[in-house]
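At position 64 of the sequence shown the residue is numbered 64 (full-length UniProt numbering), and the sequence of numbers has no breaks.
For each residue, glycine too, the CB sits at the ideal point set by N, CA and C.
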Amino acid sequence: SPKHTSQNQPVKRNAELDFSTFLNIMYRQMKQEEPEKEILTALAMIDREKQGLISAAELRAKLTRLGEKLSEEEVDDLLKEAKIGPNGTIQYEEFTRTICLPAVDY
1 SPKHTSQNQP VKRNAELDFS TFLNIMYRQM KQEEPEKEIL TALAMIDREK QGLISAAELR
61 AKLTRLGEKL SEEEVDDLLK EAKIGPNGTI QYEEFTRTIC LPAVDY
């Protein structure tokens, strides 16, 4: 069965996609995804004491060894956004909000 756009027009597989249609598709896709909620759920699973804290070392280990593995440099960049406490822990709700903010265009 042919795929349809929001205007209910069949999409030709090799047709050009105009930019406004592309943006519309991306917007709908992003609204369906909830990265902030997914990240919070994953981090809460690491938080055994349920205090809203995870260790920076454990976060680094998980990010470099599991799933879509990040490089040490990528983790360094990510942890620059974290306010790491004196005991090496991160308040992960605040951290998640920070990393999910739209990128600043300098």
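Own chain, CB closer than 7 angstroms to residue i, minus 5 neighbours either side, in chain order
i	result
Leu43	Ile54, Tyr92, Thr96
Asp76	none
Tyr27	none
Per DSSP, cross-strand counterpart(s) of residue i
i	result
Ile84	Ile90
Limits of the unbroken beta strand (DSSP E) element including residue i
i	result
Leu53	53 to 55
Residue range of the alpha helix (DSSP H) that includes residue i
i	result
Arg28	19 to 32
Residue nearest to residue i in terms of C-alpha spacing, selected from the options
i	options	result
Arg60	Ser71, Lys50, Gln51, Gly52	Ser71
Glu81	Ile99, Ile46, Lys50, Gly67	Ile99
Ile84	Glu58, Glu16, Arg48	Glu58
Ile46	Glu36, Glu34, Lys62, Pro35	Lys62
Sequence-distant residues of its chain with Cβ nearer than 8 angstroms to residue i (five each side left out)
i	result
Glu16	none
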